[in-house]
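Asks: The sequence shown lines up with residues 7 to 399 when you count with the working numbering. Here a beta-carbon is modelled for each residue, glycine too, at the ideal position from N, C-alpha and C.
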Amino acid sequence: MTYNSIKDCDLAHKRVVLRADLNVPVDDQKTVTDFTRIDRLKPTIDYLLKHHVKQIIILSHFGRPKGAPDPAFSLDFLLPPLAKHWGHEVIIATDYNVLAEDKIILLENTRFHTGEEKNDPAFAKQLAGLGDIFVNDAFSAAHRAHASTEGIGHYLPSYAGLLMMEELDALQKALETPKRPVMAIVGGSKISTKLDLLNNLVQKVDMLFLAGGMANTFLLAQGHEVGGSLVEKDMCDTALSILETAEGAGCRLLLPLDAVTDQRNKVDATKVPATEKIFDVGPETVRLISELLNEVKTVVWNGPLGVFEQTPFDVGTTALTKAVAHATKHNNIISVAGGGDTVSALEHAGVKNDFTYISTAGGAFLEWLEGKTLPGVKILEKGECRDNKTCCA
7 MTYNSIKDCD
17 LAHKRVVLRA
27 DLNVPVDDQK
37 TVTDFTRIDR
47 LKPTIDYLLK
57 HHVKQIIILS
67 HFGRPKGAPD
77 PAFSLDFLLP
87 PLAKHWGHEV
97 IIATDYNVLA
107 EDKIILLENT
117 RFHTGEEKND
127 PAFAKQLAGL
137 GDIFVNDAFS
147 AAHRAHASTE
157 GIGHYLPSYA
167 GLLMMEELDA
177 LQKALETPKR
187 PVMAIVGGSK
197 ISTKLDLLNN
207 LVQKVDMLFL
217 AGGMANTFLL
227 AQGHEVGGSL
237 VEKDMCDTAL
247 SILETAEGAG
257 CRLLLPLDAV
267 TDQRNKVDAT
277 KVPATEKIFD
287 VGPETVRLIS
297 ELLNEVKTVV
307 WNGPLGVFEQ
317 TPFDVGTTAL
327 TKAVAHATKH
337 NNIISVAGGG
347 DTVSALEHAG
357 VKNDFTYIST
367 AGGAFLEWLE
377 GKTLPGVKIL
387 EKGECRDNKT
397 CCA
C-alpha cells in the first residue's frame with residue numbers, strides 16, 4: 007500500500023492542520039516524564055517550517071475528558087516542553103474559531119468537544135476550515151475513527167507526516183513485505199484479548215513464540231500440568247484450533263520449555279507443581295529462542311514474557327530482549343516492537359535504541375498486527391482524494 011506523504015505536497019504558504027499524539031505520560035504535578043512522543047514529532051515540524059508553510063495548527067487529545075473543558079486535561083502544560091524540544095515558540099488556542107497569526111498554534115484538547123470521539127461531520131468540517139491541508143503524524147491514534155484523525159480527511163487533502171511514514175514503512179517491512187524467515191514474539195495474559203492477533207500472525211510468520219498467561223492456556227490445552235498458573239480454561243479449544251491453523255499454514259508455534267514460578271523455582275513448563283504459578287520463562291526457553299534468532303531475518307515483538315515488572319521475574323524478558331538487540335546489531339535482522347508494556351520492558355533492559363524500530367503506538371500497533379484497517383491510515387492512502395478535496399501535489 008502507498009500513502010500520500012508531505013514529501014508529495016507543495017507546502018509553501020499553506021496552513022497545515024497537524025494531528026499529533028501529545029498524550030504524553032505525566033506525574034502528579036503534570037510534569038512530562040517521557041518526551042519520546044514530543045521528540046519524534048520534531049522532524050515533521052522542522053520539515054514543514056523548512057518548506058515555508060504559513061502556519062502549523064496542531065491537534066491532539068490528552069487523557070479522557072468527558073466531551074467538555076476540564077482544566078485537569080488542558081494542554082497548556084505542554085507549551086514549555088514543546089518550545090524547549092522543538093526550538094520554536096508554541097502558543098495555545100482555546101477558541102477554535104479565532105486563531106492568532108503565530109507560526110505554531112496548539113489547539114486545546116480535541117476531546118473537550120463532544121464531536122471529536124463521535125466523529126461528528128460538523129466538527130470535522132470545523133477543524134478542516136482551519137487549514138489548507140491535513141497532515142496526520144499520530145499513528146498511535148490512527149485506530150480511532152475520530153473527527154481529528156479520520157473525519158477531517160474527508161474535507162481536506164490528507165498527508166502522512168514523517169513519523170507516520172516511518173511507522174508505516176517499518177510495519178510494512180515487518181509483516182507485509184518482510185525479509186524471511188519471520189519470528190513473532192507475543193506475550194500477554196489472555197488469549198481472548200489477542201485472538202485476532204494470533205489468528206493473523208500464524209498466517210503471516212514462520213515462527214510464533216508465545217509466553218505469559220496465554221502460553222499457559224496452550225500448555226493446559228495440550229494436557230500439561232501448569233499448577234495454579236493463570237489460564238483461560240474456556241479458551242482451550244480455541245488454543246488447539248490455533249495450533250492446528252499454525253500447522254496448516256507452516257508456522258512453527260513455540261511454547262516455553264521451562265518456567266520460573268512465583269516461588270522462584272525453575273521447573274519444567276509442562277510439570278508445574280499444583281501450589282505454584284508460572285511468573286516467567288526459564289533459561290532453557292531463552293536459550294532456545296536466542297538460538298533460533300540465528301535462523302530468522304525479521305522479528306516482531308508485542309508483550310512481555312511474564313510478570314516483568316516484578317524482580318526477579320524480569321529476567322526472561324530482559325535476556326531475550328538483549329538477544330534480539332544483539333541479533334539486530336550483529337546479524338542485521340529487522341526488529342520491530344510496540345505496545346506500552348513492551349517498550350517499558352525494552353527500556354528496563356536498556357535496549358530501546360538497539361531495535362530497528364520501536365513503535366510509539368499501543369492499540370494502533372496491535373490492531374495493525376491483527377490485520378485490521380486503521381481509519382486514520384486509510385484516509386491517507388493514495389487514491390483516497392475524494393468528496394470535495396483537491397490534492398495539492
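So the beta strand (DSSP E) L293 belongs to, where does it begin and stop?
Replies: Reading the sequence shown from its first residue, position 287 is the one you call residue 293. In the sequence under discussion, the amino acid at residue 293 is Arg, which differs from the Leu named in the question. Where R293 is concerned, there is no enclosing beta strand (DSSP E), although the alpha helix (DSSP H) it sits in stretches over 289-298.
Asks: Quick one: using the 10 Å Cβ neighbour count with 16 as the cut-off for buried, is I97 buried or exposed?
Replies: If you number the sequence shown from 1, residue 97 lands on position 91. It is exposed - the Cβ of I97 has fewer than 16 other Cβ atoms within 10 Å.
Asks: Determine, using beta-carbon pairs with one atom in the stretch 221-236 and one in the stretch 264-278, whether at least three such pairs fall under 8 Å.
Replies: Contact holds: three or more Cβ-Cβ distances are below 8 Å.
Asks: When you compare each of L261, G288, E253 to R270 by their alpha carbons, which one comes out closest?
Replies: Within the sequence shown, residue 270 is the residue found at index 264, counting from 1. Nearest of L261, G288, E253 to R270, Cα basis: G288.
Asks: Using the C-alpha atoms, what's the distance from I110 back to N142?
Replies: Working through the sequence shown from its first residue, we reach residue 142 at position 136. Working through the sequence shown from its first residue, we reach residue 110 at position 104. Roughly 16 Å separates the two Cα atoms.
Asks: So what does DSSP say about I339, is it helix, strand or coil?
Replies: Taking the sequence shown and counting its residues from 1, one reaches residue 339 at position 333. I339: coil per DSSP, three-state reduction.
Asks: For V383 and G233, what's the separation of their Cα atoms in angstroms?
Replies: The residue given as residue 383 occupies position 377 in the sequence shown. The residue given as residue 233 occupies position 227 in the sequence shown. Cα-Cα distance, rounded: 44 Å.
Asks: Mind checking whether the beta-carbon of A370 lies closer than 6 Å to any heavy atom of the ligand ADP?
Replies: In the structure on display, the ligand ADP does not appear, and there are no ligands present to speak of.
Asks: With H, G and I counted as helix, E and B as strand and the rest as coil, what does DSSP make of K72?
Replies: Counting from one through the sequence shown, the residue named residue 72 turns up at place 66. Three-state result, K72: coil.
Asks: As a quick exercise: from G157, A106, D138, pick the residue whose alpha carbon is nearest that of P127.
Replies: For the purposes of this step, residue 127 is identified with residue 121 of the sequence shown, where counting begins at 1. When each option's Cα is compared against that of P127, the closest is G157.
Asks: Going straight from the alpha carbon of A331 to that of W374, what length do you get?
Replies: As a first step, residue 331 is located in the sequence shown; it is residue number 325 there, counting from the start. As a first step, residue 374 is located in the sequence shown; it is residue number 368 there, counting from the start. Each residue's Cα considered, the two are about 23 Å apart.
Asks: By Cβ distance below 8 Å, which residues in the same chain neighbour K36 in space, the five residues on each side in sequence not counted?
Replies: Stepping through the sequence shown from its first residue, residue 36 is reached at position 30. Beyond the five residues adjoining it in sequence on each side, K36 comes within less than 8 Å, by CB distance, of F83 in the same chain, given in chain order.
Asks: Name, in chain order, the residues that DSSP records as bridge partners for D307.
Replies: Within the sequence shown, residue 307 is the residue found at index 301, counting from 1. As written in the sequence, residue 307 is Trp, which differs from the Asp given in the question. Answer by DSSP bridge pairing, in chain order: I191, A343.
Asks: On a Cα-Cα basis, can you pick out the residue from V23, T366, L162 that is closest to D40?
Replies: Here residue 40 refers to the residue found at position 34 of the sequence shown. Minimum Cα distance to D40 is reached at T366.
Asks: Can you tell me the Cα-Cα spacing of Y53 and A151, whole angstroms?
Replies: Residue numbering aside, residue 53 sits at position 47 when the sequence shown is read from its first letter. Residue numbering aside, residue 151 sits at position 145 when the sequence shown is read from its first letter. Answer to the nearest angstrom: the Cα atoms are 27 Å apart.
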